[in-house]
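Chemist: Per the numbering used here: the sequence shown ends with 682, consecutive numbering throughout.
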Amino acid sequence: MPEAIPADIKGVKAELADLRKKIRYHNNRYYNEDSPEITDYEYDQLMLRLKTIEAAYPELITTNSPTQMVGGEARRSAGVLVKHDVPMLSLQDVFSKEEIYSFVENLRSELENPEFVVEEKIDGLSLALRYEKGELVRAVTRGDGLVQGEDVTANARVIKDVKQKLKEQLPYFEIRGEVYMEKAAFEAVNDRQELLGLKTFANPRNCAAGTLRQLDARITKERKLSMFVFNLQKAEGRDFATHTEAYDFMKQQGIKIIHSYKVCHTAGEVWSAIQAIGESRGSLPYDIDGAVVKLNSLADREKLGATSKVPRWAIAYKYPPEEKETVVRSIELSVGRTGRITPTAVFDPVQLCGTKVERATLHNQDFIDSLDVRIGDTVKVYKSGEIIPKVKEVVKEKRPAGAEPFLIGHECPVCGAEAVREADTADIKCQNPSCPAQLENHILNFVGRNAMDIKGFGEAAVKGLIEQGYLRNIADIYHLFEHREELIAKGLIGKEKNTDKLLAAIEESKKNDPQRLVTGLGISGIGRAAAKELMAAFGSLAKLSEAREEELLAVPDMGEISAKAILAFFGDEKNRAVLKELEAAGVNFVQEQPALAGNELAGKTFVITGTLPTLGRKECAELIEAHGGKVAGSVSKKTSYLVAGEAAGSKLTKAQELGIAILTEEELRNMLA
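(1) What are the start and end residues of the alpha helix (DSSP H) that includes residue 326?
(2) Among 179, 119, 232, which one has its Cα closest to the Cα of residue 141?
(3) For residue 663, count the other beta carbons within 10 Å of its own beta carbon; 16 or more makes it buried, fewer makes it exposed. Which is it?
(4) Could you tell me whether the Cβ atoms of residue 538 and residue 547 are closer together than 8 Å?
(5) Between residue 299 and residue 679, what straight-line distance do the alpha-carbon atoms span, to the nearest angstrom?
(6) Go to residue 299, then tell me how far its beta strand (DSSP E) extends in each direction, as first and last residue.
(7) My guess is that residue 186 and residue 238 are in contact by the Cβ rule of under 8 Å, so how many angstroms apart are they, rounded?
(8) Can you name the start and end residues of the beta strand (DSSP E) that residue 157 belongs to?
(9) With three or more C-beta pairs closer than 8 Å as the rule, is the segment 594 to 601 touching the segment 557 to 574?
(10) At the level of alpha carbons, what is the spacing between residue 587 and residue 198?
(11) From 579, 672, 536, 171, pick the residue whose C-alpha is nearest to that of residue 259; which is it?
(12) Could one say the Cβ of residue 421 lies closer than 8 Å to chain B's Cβ atoms, at least one of them?
(13) Would you check if there are 3 or more beta carbon pairs closer than 8 Å linking the segment 61 to 70 to the segment 128 to 140?
(14) Tell me, which residues are paired with residue 102 by DSSP?
(15) Mind reading off the beta-carbon distance from residue 683 to residue 505? Whole number of angstroms is fine, and I expect it under 8 Å.
(16) Can you grab the Cα-Cα spacing for the pair residue 531 / residue 421, in whole Å?
(17) Could you pull out every residue in the same chain whose Cβ sits closer than 8 Å to the Cβ of residue 383, ignoring the five residues on either side in sequence?
(18) DSSP three-state call for residue 479: helix, strand or coil?
(19) Do the segment 449 to 462 and the segment 520 to 536 touch if we need at least three Cβ pairs shorter than 8 Å?
(20) With three or more C-beta pairs closer than 8 Å as the rule, is the segment 324 to 331 touching the segment 282 to 297?
(21) Is residue 240 helix, strand or coil by DSSP?
(22) Would you call the segment 456 to 475 and the segment 419 to 435 in contact, with 3 or more CB pairs under 8 Å?
(23) Rounded to whole angstroms, what is the Cα-Cα separation between residue 125 and residue 253?
(24) Can we say the segment 261 to 278 touches the segment 214 to 222, given the rule of at least three CB pairs closer than 8 Å?
(25) Please specify which runs of the alpha helix (DSSP H), each continuous and at least 4 residues long, are wholly inside the segment 98 to 182, giving them in chain order.
(26) Can you grab the Cα-Cα spacing for the pair residue 5 / residue 391, in whole Å?
(27) Span of the beta strand (DSSP E) holding residue 271?
(28) Under three-state DSSP, which class holds residue 68?
(29) Could you check whether the segment 139 to 153 touches the segment 303 to 311, counting it as contact only if at least three pairs of C-beta atoms, one from each stretch, sit closer than 8 Å?
(30) Let me know the alpha helix (DSSP H) ranges lying completely inside the segment 398 to 485, each 4 residues or longer, listed in chain order.
(31) So what does residue 360 bridge to, in DSSP terms?
(32) Which residues mark the beginning and the end of the alpha helix (DSSP H) in which residue 229 is found?
(33) Expressed to the nearest angstrom, what Euclidean distance is found between the alpha-carbon atoms of residue 525 and residue 459?
(34) With distances taken between CB atoms, is the gap from residue 614 to residue 641 smaller than 8 Å?
(35) Looking only at its chain, what residues have a beta carbon closer than 6 Å to the beta carbon of residue 345, apart from the 5 residues adjacent to it on each side?
(36) With a 10 Å radius around its C-beta and 16 neighbouring C-beta atoms as the bar for buried, classify residue 93 as buried or exposed.
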């Protein structure tokens, strides 16, 4: 049963505000940062809830609601911004047979004998290709969907499926498709990332999106992206009556169109075609996230038009997550960098969405208790967002006799030390800071790309050095040179060349900005952005270590929990001893302060969003900081000004809601003048 809508108007408004805030945040993570935090299914449920409430209270619909806007915004990083010749709109999502029948029957009542085309909905990144006189001249991402996208022509040219030259030289021909990554290519990229000690990609869609926006076309070529074309956007010099006629022309030109499609006339035929695609998705070499139903007649499409966000002549059906039953054979416990103990269910292998699955996280004791998962239980498993395996529920009627409730317990599974549940959380943590599991993850975090970025320091080397007693804390990294001959003899890092390479990288890391060091210390809740703000505020590790809580809370985007975590870290004698060792080893503790051009913006905090007329975001941040101001990554009550350009997105909305002053680039320059 869907959740009831709040009875009072105040409750309705509060839920609407919360939903819109969450959806804008997840839109930005998905479209602009290529790093979603929730699954497609979870996102769809948020959007469905928003649509349901807005349908009940249409007077509360706002022009900047996510239901009225396309999700993404164009970014400058990959290339020049290009105006769309034809808008690249998203599709309305539906989730039931009834909604499909309603869509088809409504169009049948409006139009004369309409034809429908049903085809796969590829999970990738939308791209428009423009041809002039048969030559590929521009490739443009979806960007904000309405006004502009990014020019990624150089990268598109190295995708094997992108046709560089057409047989027929039409004056202008624009098509739209989806850039994606086949599962085999995705696995090869992640294998290489692991080999190089780099972060792996979460799924093929993220990898494809990030790759297409690379500044280096050689990387794009190396990662073997693919592309299907699924729509004619605009043609000059030739008329097309239907979508399938345009497909036939594209095939003659050597353009790779969508893998399979079916022309249908009734709602029953459309539903059968959707089911057929759903049954085949496990055997496809690429990921799909639904099926698309669109009108075949281009004249009928023109007649129906579009809303501000979606065309009225097409719809996307989203499949429910595929589920399989399997038997839990064991529950394994692992210990993370912070000492958190995580349970994982190990079960009989099952095929889900084309891959073998035999493990899924059980998160914590509360999750285990809520499902009542026991060893020997039959459980239903699904792939969240077709990517991450999850346990949905226990089939209680199949429970074997004698199955006992599972408890994580109060003992670390790695070192045997006491494990305690933290107050007001679901986390059970090992209390031994020298626990080998914690140490391994702590060191991997410290040497990782986001922290000290010590190249060549992979998992195998860290594990071997801990086991042999060379690493007992992060400071020991800077004493490894003392054991060079032993390390070469034992081959813990490799032969002489690799050992010297790593030792040189360790030595070089001493010069890093201290914000990298702060990131690597592993303070709970302190990542790259927070470390940068802390160093900008305090300037050195010495001053940060002596900071009072009220001083920490004055730092942009710093909350009470993070402030307490910092105080606890620097208040620990063992941590202070490690820091003393790092300083003695020559690791940089002082942030180099750039020379100020002026102090006109002193005491002010700025957030930058959208595309500015002449400045990139980095240039704008440097300009503000050079005049004494601070730049934060997100809008909060502590923000003094929002500098906004075109396609400003959710940050602009939040600033308006909080009553924060909005500046154009010109107004910012006037403040400096």
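Virtual Cβ for every residue (Gly too), placed ideally from N, Cα, C.
Please read these numbers as outputs of a predicted model, since none were measured by experiment.
Modeler: Per the coordinate set shown:
(1) Element bounds for residue 326: not the alpha helix (DSSP H) but the beta strand (DSSP E), 323 to 326.
(2) Among 179, 119, 232, the Cα nearest to that of residue 141 is on 179.
(3) buried
(4) no
(5) Roughly 50 Å between the two C-alpha positions.
(6) 297 to 304
(7) 4 Å
(8) Here the beta strand (DSSP E) through residue 157 covers 157 to 159.
(9) no
(10) Approximately 37 Å, taken between the alpha carbons.
(11) 171
(12) In the structure shown, chain B cannot be found, because there is only a single protein chain.
(13) no
(14) In DSSP, residue 102 forms a bridge with 325.
(15) No statement about residue 683 is possible, as the shown extent of the chain runs from 10 to 682 and does not include it.
(16) 20 Å
(17) 337, 403, 408, 412, 413, 414, 415
(18) coil
(19) Remark: three or more beta-carbon pairs, one from each stretch, lie closer than 8 Å, so the segment 449 to 462 and the segment 520 to 536 are flagged as touching.
(20) Because the criterion of three Cβ pairs below 8 Å is met, the segment 282 to 297 and the segment 324 to 331 touch.
(21) strand
(22) no
(23) 10 Å
(24) no
(25) 106 to 119, 162 to 165
(26) This structure gives no information on residue 5, because the portion of the chain shown stretches from 10 to 682.
(27) That run of the beta strand (DSSP E) goes 270 to 273.
(28) helix
(29) no
(30) 445 to 456, 468 to 476, all fully within the segment 398 to 485.
(31) In the DSSP secondary-structure assignment, residue 360 is bridged to 365.
(32) Per DSSP, residue 229 is one residue of the alpha helix (DSSP H) stretching across 226 to 231.
(33) 7 Å
(34) yes
(35) 450
(36) Counting Cβ neighbours within 10 Å, residue 93 comes out buried, since at least 16 surround it.
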